[in-house]
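Trainee: What follows is a single structure, and I will ask about it in a moment.
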Amino acid sequence: GAGVSQSPSNKVTEKGKDVELRCDPISGHTALYWYRQSLGQGLEFLIYFQGNSAPDKSGLPSDRFSAERTGGSVSTLTIQRTQQEDSAVYLCASSLQGYQETQYFGPGTRLLVL
Amino acid sequence: AQKVTQAQTEISVVEKEDVTLDCVYETRDTTYYLFWYKQPPSGELVFLIRRNSFDEQNEISGRYSWNFQKSTSSFNFTITASQVVDSAVYFCALGGSSARQLTFGSGTQLTVLP
Chain L
10 GAGVSQSPSN KVTEKGKDVE LRCDPISGHT ALYWYRQSLG QGLEFLIYFQ GNSAPDKSGL
70 PSDRFSAERT GGSVSTLTIQ RTQQEDSAVY LCASSLQGYQ ETQYFGPGTR LLVL
Chain P
812 AQKVTQAQTE ISVVEKEDVT LDCVYETRDT TYYLFWYKQP PSGELVFLIR RNSFDEQNEI
872 SGRYSWNFQK STSSFNFTIT ASQVVDSAVY FCALGGSSAR QLTFGSGTQL TVLP
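Protein chains in written order, with the numbering used here: chain L, 10 to 123; chain P, 812 to 925.
Dropping the structure here:
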């Protein structure tokens with residue numbers, strides 16, 4: 010079956026612009042996660058959704074970052090007023106029911122802020 | 812807090828050699844979950860194995876084997892008769908009842924030379 014998909018694959022933007030990153034989880038998976046992978050910081054957790062609610066937003070680095078999930082499916086991660094330090098690969102994962110289950114990752118979105 | 816340590820940053824072997832990737836973890840949870848993921852040059856994190864804390868049985872899958880030892884808080888990964896296609900970054904990760912996210916190690920870059 011189809012895995013986790015993310016779009017766009019690559020995004021280049023200018024400092025100060027807003028960007029939206031999209032994640033489409035595996036069909037039927039109720040839990041969805043966003044992580045960020047950068048050279049200096051490794052893989053960092055950003056946010057966890059169970060259905061449409063986000064019980065854990067503890068990893069969002071600043072109020073410029075927000076995420077939503079609609080219909081228990083697609084999620085959008087929005088970064089406002091992008092900064093150069095936001096450059097990273099943003100990875101989305103999903104699991105069947107909750108955080109105690111195996112997470113399956115998408116291919117990621119490579120974001121470059123100039 | 813949870814922590815995963817992969818002390819080997821880079822490993823280089825010649826094809827057909829066996830190689831072991833080390834993973835040491837720290838957690839206060841009594842129930843936790845350990846994972847290995849492979850990240851080839853394409854960038855996607857590929858799930859390899861999951862081990863629950865209450866199941867200390869070691870596992871073998873083809874050329875891959877995993878050694879879980881609670882006494883030393885380790886979950887090591889061995890590739891037997893390595894192949895060039897095994898070249899990738901390998902991540903060990905930890906999940907548990909106190910965290911709704913995975914905590915990743917810093918990864919081990921494995922290069923298998925022909």
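Where is the CB? At the ideal position from N, CA and C, for every residue including glycine. A quick note: this is a predicted structure, and the numbers were derived from the prediction, not measured.
1) Go to Ser823 of chain P, then tell me how far its beta strand (DSSP E) extends in each direction, as first and last residue.
2) Residues bridged to Ser885 of chain P by DSSP?
3) Are the C-beta atoms of Arg861 of chain P and some chain L residue less than 8 angstroms apart?
4) Less than 6 angstroms between C-beta atoms, sequence neighbours within five positions excluded: which residues of the same chain meet that for Leu924 of chain P?
5) Helix, strand or coil: how does DSSP classify Asp95 of chain L here?
6) Would you please verify whether the beta carbon of Gly873 of chain P is less than 8 angstroms from any beta carbon of chain L?
7) Residues of chain L with CB closer than 9 angstroms to the CB of Leu921 of chain P, please, in chain order.
8) Does Arg90 of chain L pass the burial test, meaning 16 or more other C-beta atoms within 10 Å, or should it be called exposed?
9) Thinking just about the alpha-carbon of each residue, which of P:Gly916, P:Leu921, P:Thr922 is nearest to the one in Gln50 of chain L?
Mentor: Inspection of the coordinates gives the following:
1) The residue given as residue 823 of chain P occupies position 12 in the second sequence. Taken as a continuous stretch (DSSP letters only), the beta strand (DSSP E) holding Ser823 of chain P covers 821 to 825.
2) Within the second sequence, residue 885 of chain P is the residue found at index 74, counting from 1. DSSP, once it has assigned bridges, lists P:Val835, P:Gln880 as partnering Ser885 of chain P.
3) Within the second sequence, the letter at position 50 stands for residue 861 of chain P. With 8 angstroms as the cut-off, Arg861 of chain P counts as an interface residue toward chain L.
4) Mapped onto the second sequence, residue 924 of chain P falls at position 113. Cβ neighbours of Leu924 of chain P beyond the five flanking positions: Val825.
5) Here residue 95 of chain L refers to the residue found at position 86 of the first sequence. Correct three-state label for Asp95 of chain L: helix.
6) As a working mapping, residue 873 of chain P is identified with position 62 in the second sequence. No, Gly873 of chain P lies away from the interface with chain L (no Cβ there is under 8 angstroms from its Cβ).
7) Mapped onto the second sequence, residue 921 of chain P falls at position 110. Per Cβ cutoff of 9 angstroms: no residues; Leu921 of chain P is ~17 angstroms from chain L at best.
8) Position 81 of the first sequence, counting from 1, holds the residue named residue 90 of chain L. The residue in question, Arg90 of chain L, is exposed, as its Cβ has fewer than 16 Cβ neighbours within 10 Å.
9) Position 41 of the first sequence holds residue 50 of chain L. Considering only alpha carbons, the answer is P:Gly916.
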